[in-house]
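Just below is one structure, and these are the notes that go with it.
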Amino acid sequence: MSGHGEAIPMIARRSSGLRGEAHVPGDKSISHRSLILGAMAVGETRVTGLLEGQDVLDTASAMRAFGADVEKRGETWHVQGVGVGGFCEPGQVIDCGNSGTGVRLVMGAMATTAITATFTGDASLNKRPMARVTDPLALFGAQAHGRSGGRLPMTVIGARDPLPVRYATPVPSAQVKSAVLLAGLNAPGETVVIEREATRDHTERMLTGFGAVIETQDRAEGRVIVLHGQPELSPQTIVVPRDPSSAAFPVCAAIITEGSDVVVPNIGLNPTRAGLFFTLRDMGADLTFENMREEGGEPVADLRAKFSPDLVGIEVPPERAASMIDEYPVLSVVAAFARGTTHMPGVRELRVKESDRIDAMARGLRANGVDVDEGEDWWTVYGRGHGNVRGGAVTVSHLDHRIAMSFLVLGLATQDPVRVDDGGPIATSFPTFEPLMTALGADIARET
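If you count by our numbering, then the sequence shown holds residues 213 to 660, one letter each, in order.
Have a look at this one:
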């Protein structure tokens, strides 16, 4: 089951000559934050280019439940905010579907307001640990009561008299950092987050845009982010750049599919998000950045990806992991078609995503004839070179959209078709994936 309905089995067959422009959805990370910060501003925030996948729509529903007016008129989303500390107590359970980002950021946003909210999600989300967020939120004075292991369903009681916090993140996580910063908005004084490794900085950029005072310095202890609490956030007009994590799939498909030449326009190249694209170029991929520019404070370019038959395996720098953590599943697919070994260290975070992504990809790749070794925070793919990956297996998506899309990309260049047991979760982040890929020439279809 997909968590949003009946399972949707899908199949990908060997293809050639993917061509055209792939207009991928808006950036999911920026879409979530646009809605949440718009709801915490005073006045109307307008957002165009919002990703309208189920994850983001669930965050929109959550903001309505907390009292913000959120609606789409034409091509623009309008968010009438209630101000920092202005959330009302929701009258129903907040269902965040499949979105770990959504639930963790929303928990942070409400944790320093004296209200109570109960959160749940689909079968996949309810297995994911929330203590990494609720532990630092407790330092503000919030309380969280969930299932054993700190899992959803969970009730969060916001702090009545919140305290500012100084918190060093134990593992690189933009979700944890962002939850703490959002909670710090309604706490007096300065909230400080210290990152040993820098993670995606959309929250800091967007907080600045909304008028918060936030300072970032690189020190010996790491990246130190200081937020001055209790600002009045001003509404914004936001144009959401297109999602680099979604762009990864047509880009990687073009690189491994013979005769391909695909352009993916308007992709955000924030340095905390673009690690995959530099890694692909390190492997010898024919990938270029065209029309480089800046939009809304974010670097943007058009990506052009061509078939690259001479890929080589590499050692992926561990310090790059935070900038491409969601892209490792599809990178492992590209690695299967490279010559030699691709080693990916420092990726413990993959164990606690929508699924254990290392285990899910390792099992699926092995079933399709690719050797994989793995450890707690690393994995290694032994590439077979172009044309030498057998395929032919039915792979399990584990209710994880990125696992499903990665194996469908794999099947475009294997000897035999690759099947995915359930493509339904793809709708959570990339609802146009199937028609977009088939328009490029990919042989991807639903099985009946």
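We treat Cβ as the ideally placed atom computed from N, Cα and C, and that holds for glycine.
Just reading off the alpha helix (DSSP H) that H414 is part of, what are its end residues? Run containing H414: 414 to 421, per the alpha helix (DSSP H) assignment.
Identity of the residues DSSP links to T554 by a beta bridge: Answer is V593.
Within 8 Å, strictly: CB atoms of V236 and G250: Between V236 and G250, the gap from beta carbon to beta carbon reaches 8 Å or more.
By the three-class DSSP mapping on this structure, what secondary structure does M322 have? DSSP places M322 in helix when its eight states are reduced to three.
Between K565 and V305, what straight-line distance do the alpha-carbon atoms span, to the nearest angstrom? So the two alpha carbons sit approximately 23 Å from each other.
Segment contact, 8 Å Cβ cut-off, at least three pairs: the segment 473 to 487 with the segment 452 to 459: The segment 473 to 487 is in contact with the segment 452 to 459.
If you count every other CB in all the chains shown that lies within 10 Å of the CB of G261, and 16 or more means buried, which is it? Flag for G261 reads buried.
Hey, quick one: how far does the alpha helix (DSSP H) through H613 stretch, first residue to last? Annotation: the continuous alpha helix (DSSP H) that includes H613 extends over 613 to 622.
I'd like the list of long-range same chain contacts for T313, defined as Cβ closer than 6 Å, with 5 residues on each side in sequence excluded. The residues H244, Q387, in chain order, have a CB closer than 6 Å to that of T313 in the same chain once the five nearest residues on each side in sequence are set aside.
Where do the N-terminal and C-terminal ends of the alpha helix (DSSP H) with Q387 fall, by residue? 386 to 396 is the extent of the alpha helix (DSSP H) around Q387.
Own chain partners of G229 with C-beta closer than 7 Å, once the 5 adjacent residues on each side are dropped: Within the same chain, G229 has close Cβ partners G471, S472, G653.
Taking only runs that begin and end inside the segment 506 to 577, name each unbroken beta strand (DSSP E) of 3 or more residues, in chain order. Fully enclosed beta strand (DSSP E) runs of no fewer than 3 residues occupy 510 to 518, 551 to 557 of the segment 506 to 577, in order along the chain.
How long is the line joining the alpha carbons of A329 and K339, rounded to whole angstroms? Spanning the two alpha carbons is a distance of roughly 19 Å.
Span of the alpha helix (DSSP H) around G401: Per DSSP, G401 lies in no alpha helix (DSSP H) segment and is marked neither H nor E.
Alpha carbon to alpha carbon, how far is A432 from Q442? Between the alpha carbons of A432 and Q442 lies a gap of roughly 29 Å.
Taking all protein chains shown into account, do 16 or more other C-beta atoms lie within 10 angstroms of the C-beta of H414, making it buried, or fewer, making it exposed? It is buried - the Cβ of H414 has at least 16 other Cβ atoms within 10 Å.
In whole angstroms, what is the alpha-carbon distance linking G215 and L523? Any answer about G215 is weak, because its pLDDT of 47 lies below 50 and its placement is not dependable; what the coordinates show is given next. Looking at the two C-alpha atoms, the distance is approximately 37 Å.
Nearest neighbour of W591, chosen from E527, T644, L624 [CA to CA]: Of the candidates E527, T644, L624, the one whose C-alpha sits nearest the C-alpha of W591 is E527.
Consult DSSP for H290 and reduce its assignment to one of helix, strand or coil. Three-state result, H290: strand.
Does the Cβ-Cβ distance between V606 and A548 come in under 8 Å? Contact flag unset, no.
Would you call Q266 buried or exposed, if buried means 16 or more other Cβ atoms sit within 10 Å of its Cβ? By the C-beta density criterion, Q266 is buried, having at least 16 other C-beta atoms within 10 angstroms.
Give me the residue from A513, L648, H440, R285 with the minimum Cα distance to N503. Distance check between N503 and each of A513, L648, H440, R285 places A513 closest, using alpha-carbon atoms only.
Give the single residue among G255, S246, I327, E409 whose Cα lies nearest to the Cα of L317. Out of G255, S246, I327, E409, S246 has the C-alpha closest to the C-alpha of L317.
Bridge partner(s) assigned by DSSP for L499: DSSP, once it has assigned bridges, lists A517 as partnering L499.
Can you tell me where the beta strand (DSSP E) holding V475 begins and where it ends? Counting along the chain, the unbroken beta strand (DSSP E) around V475 starts and ends at 473 to 480.
Cα-Cα separation between V254 and G293, rounded to whole angstroms: The C-alpha of V254 lies about 5 Å from the C-alpha of G293.
Contact between the segment 361 to 371 and the segment 402 to 413 is defined here as three or more beta-carbon pairs at a separation below 8 Å; is this criterion met? With a cut-off of 8 Å, the segment 402 to 413 and the segment 361 to 371 do not count as touching, because too few Cβ pairs lie within range.
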